[in-house]
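Number of protein chains: 2
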Amino acid sequence: MSASQVATLRWDGERLQLIDQRVLPMQTRYVACSSAGEVAAAIRDMVVRGAPAIGCAAAYGVALDARRLADTQTRGCTEALNETIEQLAASRPTAVNLAGALARMRMVLAASSGSDPAQVARRLLDEAHAIADEDVASNRRMGELGAALIPDGARVLTHCNAGALATAGHGTALGVIRSAVNAGKRVRVFADETRPFLQGARLTAWELQRDGIDVTLIADVAAGHLIARGEIDAVIVGADRIVANGDTANKIGTYPLAVLAHRHAIPFYVAAPVSTVDLTLPSGRHIPIEERDGEEVTGFGATRWAPAGIAVRNPVFDVTPAELISALITEHGVLAPVNERGIRRLLGG
Amino acid sequence: MSASQVATLRWDGERLQLIDQRVLPMQTRYVACSSAGEVAAAIRDMVVRGAPAIGCAAAYGVALDARRLADTQTRGCTEALNETIEQLAASRPTAVNLAGALARMRMVLAASSGSDPAQVARRLLDEAHAIADEDVASNRRMGELGAALIPDGARVLTHCNAGALATAGHGTALGVIRSAVNAGKRVRVFADETRPFLQGARLTAWELQRDGIDVTLIADVAAGHLIARGEIDAVIVGADRIVANGDTANKIGTYPLAVLAHRHAIPFYVAAPVSTVDLTLPSGRHIPIEERDGEEVTGFGATRWAPAGIAVRNPVFDVTPAELISALITEHGVLAPVNERGIRRLLGG
Chain A
15 MSASQVATLR
25 WDGERLQLID
35 QRVLPMQTRY
45 VACSSAGEVA
55 AAIRDMVVRG
65 APAIGCAAAY
75 GVALDARRLA
85 DTQTRGCTEA
95 LNETIEQLAA
105 SRPTAVNLAG
115 ALARMRMVLA
125 ASSGSDPAQV
135 ARRLLDEAHA
145 IADEDVASNR
155 RMGELGAALI
165 PDGARVLTHC
175 NAGALATAGH
185 GTALGVIRSA
195 VNAGKRVRVF
205 ADETRPFLQG
215 ARLTAWELQR
225 DGIDVTLIAD
235 VAAGHLIARG
245 EIDAVIVGAD
255 RIVANGDTAN
265 KIGTYPLAVL
275 AHRHAIPFYV
285 AAPVSTVDLT
295 LPSGRHIPIE
305 ERDGEEVTGF
315 GATRWAPAGI
325 AVRNPVFDVT
335 PAELISALIT
345 EHGVLAPVNE
355 RGIRRLLGG
Chain B
15 MSASQVATLR
25 WDGERLQLID
35 QRVLPMQTRY
45 VACSSAGEVA
55 AAIRDMVVRG
65 APAIGCAAAY
75 GVALDARRLA
85 DTQTRGCTEA
95 LNETIEQLAA
105 SRPTAVNLAG
115 ALARMRMVLA
125 ASSGSDPAQV
135 ARRLLDEAHA
145 IADEDVASNR
155 RMGELGAALI
165 PDGARVLTHC
175 NAGALATAGH
185 GTALGVIRSA
195 VNAGKRVRVF
205 ADETRPFLQG
215 ARLTAWELQR
225 DGIDVTLIAD
235 VAAGHLIARG
245 EIDAVIVGAD
255 RIVANGDTAN
265 KIGTYPLAVL
275 AHRHAIPFYV
285 AAPVSTVDLT
295 LPSGRHIPIE
305 ERDGEEVTGF
315 GATRWAPAGI
325 AVRNPVFDVT
335 PAELISALIT
345 EHGVLAPVNE
355 RGIRRLLGG
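Heads up: the protein sequence lines correspond to chains A and B, in order. In terms of this note's numbering, the first sequence is residues 15 to 363. In terms of this note's numbering, the second sequence is residues 15 to 363.
Structure representation (structure tokens):
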């Protein structure tokens, strides 16, 4: 991760340090996690968010509990750690990277059967580091491949935060933009504020501003107007789960952007590591869509603006059908058109 | 206006009382205006908003200055009042009802040429009362006509606030819903929160909750998901300006809803009085789109969440092309399909 970039998650030798994404950019503070339970709570409460970042955080959560158990027990750790993995897997339902990272931890655990607990703990920590390092490497590769799709002078709309803050570093959608800028292209980014959690207004705006990338904040509702007036050349977003036919779950509000991009014939790109792909589900309608507390919609932080007692629906992801995705940018290559055959080929590659 | 309904604007015998829509529902307070300048400031600052309501408020603004002038001058009032009208007309650029109401005031003023200032002032106040009363009557008629389009059990999505608070009473889009409910239909309303000014979360939610109408608040970004999942049966909104070919300017975020409704084959209705029609413009691309201060997007009220110094675009209206509007509900009748011939027929009727 380059020096200029923010450390979303950081292993301090003893604990996992997570930058608190609930309070950025008003405050820059870290939350230290000493156990899997604390990591699961941090994921649930959105201290850490973004599909790749929560995968990495969960892996460190397993490593943390393995170290704790190694300090207190000499045997019987495997069962306890499998329970830890179940607990972490339940912390958020939509992103598949979480399940993928935990599957890797489970495999390391199974392969370490018979080893002493301290050795198991070391192996699990090594695997967590590997997952984080591979995430950054994937994002850099994805950035290089995706940058070719971004013309010099492009005005690019993004939604939510698919940046360094959503990953172990560099970012997915914002990684593509970063790589295009690093390659000398002039890129102007429009960032949707992304209600209700305001990842765009708080995190994307902050992250790009910090990197000196030209960024303009808009309300989510303004995207249609700008697209219709010809002021946007491409849309690029991340993903929380891509299923076998290419249908993609991402932050709520992504699907309307894909529909608008299609209507106005501008490309709609998804940038995500292949770990985001879930071949066990045939199409988007099978993806579980998390609904969160209505308090996220009735205000922000301590500020309330909706009348007390109002009913709220708060789905936090939606599904974009593959046919609306112009290209899928992964570390294995750029897929266009997006369909089941292509996705299986990418995963084989 | 029924007793249960809120008084958006109220003539207290001396001043115009405006419910302060910047602080609802957290506070219910009125702002008293004693001059046209105060009314223009209230319109600019969004103490009063909603195309029909600002038309009515502006009419009272002219009446207020006419009374002030009558108290201090015995002649030369006409010129001063024409300047007052210009000043009020400039307060917000997109809604045409404002220009329409002021054109009526200008006609009364011209017809009163030679009368003594006190008599001119009385006539102008009578005209302001007439504009407000006609607005309520139009909304009730529109409600009756539009209610026929809302099936029993319908789940209806609305955007912004096209309710009693946007008019002199009853509302346009919410007037249709009110009339359907009053006719015994079960209607479930989904209200978009409507960033950045949060008219949906604050005003529509409050107004419908107060009337005992079933209302569920959602973030703007969630509309696409609910429509795609078949959880919305119709979309209904108000309008700020409808031009000759039927293209319609309304609150930013309306156009994406029309595109989504079209894609999922659910009706998209616009409810607006014929005073919203501007035949001088041939198509939507000629409508001036107001852009407001970026501060509306970087936070809400005293709460800030975007990083300091961030660039912002804040267009507050967008244009929905006529072909995406299933029907236009007016007090003169329901027009479907929406096209220039039909609009001219409505205005003639």
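All C-beta atoms in this analysis are idealised placements derived from N, C-alpha and C, irrespective of residue type, glycine included. These figures come from a predicted structure and were not determined experimentally.
For the beta strand (DSSP E) that residue i lies in, which residues bound it at each end?
i, result
"C47(A)", "Y44 to C47"
"L23(B)", "L23 to W25"
"T334(B)", "F331 to T334"
"D225(A)", "Segment: none, D225(A) is in no beta strand (DSSP E) and carries neither H nor E."
"V203(B)", "R202 to D206"
"V251(B)", "A248 to V251"
"F211(A)", "Run containing F211(A): none; DSSP gives neither H nor E here."
"V257(A)", "R255 to V257"
"V284(B)", "F282 to A285"
Just checking: is the beta-carbon of residue i within a distance shorter than 8 angstroms of some beta-carbon in chain A?
i, result
"G157(B)", "no"
"S18(B)", "Legend: pLDDT at S18(B) = 49, less than 50; position of this residue unreliable, value from coordinates given subsequently. No, S18(B) lies away from the interface with chain A (no Cβ there is under 8 angstroms from its Cβ)."
"V373(B)", "Outside the displayed range of chain B (15 to 363) lies residue 373(B), so it cannot be described from this structure."
"F282(B)", "no"
"V229(B)", "yes"
"A215(B)", "yes"
"V170(B)", "no"
"D85(B)", "no"
"M15(B)", "Reliability fails at M15(B), whose pLDDT of 38 lies under 50, so the model's placement of it is uncertain and no value is given."
"H300(B)", "no"
"D109(B)", "Note that residue 109(B) is Ala in the sequence shown here, rather than Asp. So no, A109(B) is outside the interface."
DSSP on residue i, reduced to helix/strand/coil?
i, result
"L231(A)", "strand"
"L349(A)", "strand"
"L30(A)", "strand"
"R137(A)", "helix"
"T218(A)", "helix"
"T172(B)", "strand"
"G313(B)", "strand"
"P149(B)", "The question names Pro, but residue 149(B) is Asp in the sequence shown. Looking at D149(B) - three-state DSSP - the assignment turns out to be helix."
"V61(A)", "coil"
"A50(A)", "helix"
"L338(A)", "helix"
"A263(B)", "strand"
"M15(B)", "With a pLDDT of 38 at M15(B), under the threshold of 50, the predicted position of this residue should be treated as unreliable, though the coordinate-derived value follows. In this structure, M15(B) counts as coil in the three-state DSSP scheme."
"R106(B)", "coil"
With 8 angstroms as the threshold, decide whether the Cβ of residue i is near any Cβ in chain B.
i, result
"L139(A)", "no"
"Q223(A)", "yes"
"D332(A)", "yes"
"V311(A)", "yes"
"L293(A)", "no"
"A242(A)", "yes"
"W25(A)", "no"
"G315(A)", "yes"
"L179(A)", "no"
"I232(A)", "yes"
"A219(A)", "yes"
How far does the alpha helix (DSSP H) with residue i in it reach, from first residue to last?
i, result
"T92(B)", "C91 to A103"
"T377(A)", "For residue 377(A) there is no data in the structure shown, the boundaries of chain A being 15 and 363."
"L116(A)", "V110 to A125"
"I191(A)", "A187 to N196"
"T290(A)", "Note, T290(A): premise wrong, no alpha helix (DSSP H); not H, not E."
"L163(A)", "Where L163(A) is concerned, there is no enclosing alpha helix (DSSP H), given that its DSSP letter is neither H nor E."
"R355(A)", "E354 to G362"
"L240(A)", "A237 to A242"
"T268(A)", "T268 to R277"
Give the C-beta separation of residue i and residue j to the nearest angstrom, bearing in mind that I take them to be a contact with Cβ-Cβ under 8 angstroms.
i, j, result
"I339(A)", "V284(A)", "5 angstroms"
"A168(B)", "N111(B)", "Their Cβ separation, rounded to whole angstroms, is 28 angstroms, which puts A168(B) and N111(B) out of contact at 8 angstroms."
"E439(B)", "G260(B)", "The structure shown does not extend to residue 439(B), since chain B spans only 15 to 363, so no value can be given for it."
"V257(B)", "I301(B)", "6 angstroms"
"R280(A)", "D332(A)", "Note on residue identity: the sequence assigns Ile, not Arg, to residue 280(A). About 19 angstroms; that fails the 8 angstroms criterion."
"G313(B)", "A320(B)", "7 angstroms"
Using a Cβ-Cβ cut-off of less than 8 angstroms, list which residues of the region 38-65 of chain B approach chain A; keep chain order. P39 and M40
When Cβ atoms are compared, which residues of the region 196-209 of chain A fall closer than 9 angstroms to chain B? F204, A205, D206, E207, T208 and R209
Between the region 333-358 of chain A and chain B, which residues of the former have CB atoms less than 7 angstroms from a CB of the latter, in chain order? none
Taking a Cβ distance cut-off of 7 angstroms, strictly less, list which residues of the region 258-280 of chain B are near chain A, in chain order. I266, G267, Y269, P270, V273, L274 and R277
Taking a Cβ distance cut-off of 9 angstroms, strictly less, list which residues of the region 317-332 of chain A are near chain B, in chain order. T317, R318, W319, A320, P321, A322, G323, I324, A325, V326, R327, N328, P329, V330, F331 and D332
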